[in-house]
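Taking it in order: structure first as structure tokens, then the write-up.
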Amino acid sequence: MAYDPTDPIHQFQINRIVPIRIGDWDFSFTNSALFMVLTVAVTAAFLYYTTRGRGLVPSRGQSITELTYEFTANMLRDAAGTAGMKFFPFVFSIFMFILVANLFGMFPYFFTVTSHLIVTFALAMLVMAVVVGYGFTKHGLKFFKLFVPEGVPGILMPLVVLIEVVSFLSRPVSLSVRLFANMLAGHITLKVFAGFIVSLSAFGALGILGSILPLLMVVALTALEFLVAALQAYVFAVLTCMYLNDAIHPGH
Amino acid sequence: MFVTQAFAQDGETTDHQPVTAEGANVTHHEGTISPDEHGEGFPPFNPEYFPSQLLWLAITFGVFYWLLKTVIMPRIGGILENRRDRIALDLEAAERMRSDADEAKAAYEQELTEARNRAHSIAQDARETAKADAEKERKRLDAELDEKLEAAQARIGEVKRSALGEVDGIARDVTDTILRQVANIEASQDEIASAVNQAGS
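Protein sequence lines correspond, in order, to chains B and W.
All residue numbers for the first sequence refer to this note's numbering, where the first residue is 4 and numbers rise by one.
All residue numbers for the second sequence refer to this note's numbering, where the first residue is 5 and numbers rise by one.
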């Protein structure tokens, strides 16, 4: 069953590795699940291993761990204040998970976990659930003040509230689609240009010469994709921090 | 183009999703994944694997969160806290040492000033005693010299006197000799003495 080697969609295909079926639900251990496990295992192992020395003067690996830790801590503190630091493990987990999953996607033949909408949507919904859950347990009905900004004239209020509600409801969608679309589009573009190289080189000497162009493009895109991988993890984490800030200080 | 394909696929999959026979069929062919391999449309929109992805995401992310929260982050936090404490401690120690050094320097400078003053006064004293001693010595020498001078003058006077006393005798002898040798005159001692006395006065 030969598939087209230049097919840009093939990389997103999910395959069952260990089929598991409970009732009507298919919970198979797939390549996606494998890479989730790998992401978690590698990240946790790295973080654990690099801090084994508990060095007063950090080693190189420990430096990386400390940098990401403090980077995330500062990001959360800037966005949500010191009260937001109780969510630090949550934000750090999200950031590290997405970052490493994205970067794993940059390896050839690796599956990109975050290129599936359901995964990013689940993460976004998790963030929203934490925001809404914490908001209501902490502030009760005062959490609705989030939708009622202060200093708005009475006539405009219904309109403003409507806009606020719609923007709040669209948050999980924008949050998940942004990450998903970036990873998907980037990987497709990479694969399309890489496919050009293969297709062009089939046309003899002239084709091989012509394939230099898409090759350069692929090199440039790879660099760009590394940037996007880190940037999207950062964006997701920053937005998470901001939404958490809403839950902690709903009155703006 | 992808979108239309995906939409078509969506319709198709939702159509045969509830059919468990299809799913069971797929699980049967665990080695042959050909049914999923092609003709399934756009994989990210294929709901067939949604439950599996959700479950495994929940498991892996849950474990990840738990690991970070209970093991790894306290560890990193501890390291950073430890370092912060250590730096604060070191800074405090450095501050204390600096103030110690400042104190020591002040004490040293004070002592130096005192010592300098003392040295100055000692030198002053020494100079004054030396001067006084010198003055005393000078006076003593002066007195001694005066004494010696007086004695010398007294002796000179004596010598002069005795010399003058002898001059008459010499003059008499000389006169006697001259008279005898030159003039061949024999004169008595008395005559010579009176003549000398006359010439001398």
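Even glycine gets a Cβ: it sits at the ideal position worked out from N, Cα and C.
- Distance between residue 97(B) and residue 159(B), taken at the CA atoms: about 37 Å.
- Within a 10 Å sphere around the beta-carbon of residue 111(B) sit fewer than 16 other beta-carbons, which makes this residue exposed.
- Between the region 14-32 of chain B and the region 86-102 of chain B, the count of Cβ pairs shorter than 8 Å is below three; the stretches do not touch.
- Chain order gives the chain W residues near residue 43(B) as 64, 67, 68, where near means a beta carbon separation below 7 Å.
- In this structure, residue 123(B) sits away from residue 201(B), with a CB-CB distance that is not shorter than 9 Å.
- When only Cα atoms are considered, residue 139(W) and residue 174(W) end up about 50 Å apart.
- Contact with chain W is found for residue 51(B), since one of that chain's Cβ atoms lies less than 9 Å from the residue's Cβ.
- Interface residue (Cβ-Cβ distance to chain B less than 9 Å): residue 95(W) is not classified as such.
- For residue 180(W) against residue 167(W), the beta-carbon gap comes to about 20 Å, at or over 8 Å, which does not count as contact.
- With respect to chain W, the C-beta atom of residue 12(B) has a partner C-beta closer than 9 Å.
- Comparing alpha-carbon positions, the option among 203(W), 93(W), 103(W), 81(W) lying closest to residue 51(B) turns out to be 81(W).
- Here the alpha carbon of residue 178(B) sits roughly 6 Å from the alpha carbon of residue 127(B).
- Annotated as distal: residue 79(B) and residue 242(B), with beta-carbon spacing of 9 Å or more.
- Checking the DSSP bridge columns, you'll see residue 33(B) partnered with 19(B).
- DSSP lists 25(B) as the bridge partner or partners of residue 28(B).
- With respect to the 9 Å criterion, residue 48(W) and residue 183(B) are classified as neighbours on the basis of their beta carbons.
- For residue 137(B), the three-state secondary structure derived from DSSP is helix.
- By the rule that beta-carbons nearer than 9 Å mark a contact, residue 46(B) touches chain W.
- At the C-beta level, residue 164(B) and residue 71(W) stay beyond 9 Å of one another.
- The beta-carbon of residue 99(W) is placed no less than 9 Å from the nearest beta-carbon of chain B.
- Between residue 91(B) and residue 76(B), the beta carbon gap of about 6 Å places them in contact (Cβ cut-off 8 Å).
- Under the 10 Å beta carbon count, residue 68(W) is surrounded by 16 or more other beta carbons and is classified as buried.
- At least one C-beta of chain W is nearer than 9 Å to the C-beta of residue 61(B).
- Three or more Cβ pairs closer than 8 Å define a contact, and the region 187-207 of chain B meets that threshold against the region 222-230 of chain B.
- Contact between residue 233(B) and residue 60(W) does not hold, since the beta-carbon distance rounds to 24 Å and is not under 8 Å.
- Residue 148(W) carries a helical assignment under DSSP once its states are collapsed to helix, strand and coil.
- Nearest neighbour of residue 109(B) by Cα position, chosen from 140(B), 222(B), 203(B), turns out to be 222(B).
- Annotation: the region 144-203 of chain W contains no complete segment of the alpha helix (DSSP H) (minimum length 4 residues).
- Considering only beta carbons, no part of the region 111-125 of chain W lies closer than 7 Å to chain B.
- With its beta carbon at least 9 Å from every one in chain W, residue 247(B) lies outside the interface.
- Annotation: the continuous alpha helix (DSSP H) that includes residue 210(B) extends over 207-213.
- Taking 9 Å as the CB threshold, residue 237(B) stays off the interface with chain W.
- Cβ neighbours of residue 82(B) within its own chain (closer than 8 Å, five residues either side excluded): 241, 244, 245, 247, 248.
- Closest in C-alpha terms to residue 73(B), from the list 62(B), 210(B), 95(B), comes 95(B).
- The beta carbon of residue 253(B) sits closer than 7 Å to those of 138, 142, 145, 146, 148, 149, all from its chain and outside the five residues before and after it, given in chain order.
- In the three-state DSSP reduction, residue 77(B) falls in the helix class (H, G or I).
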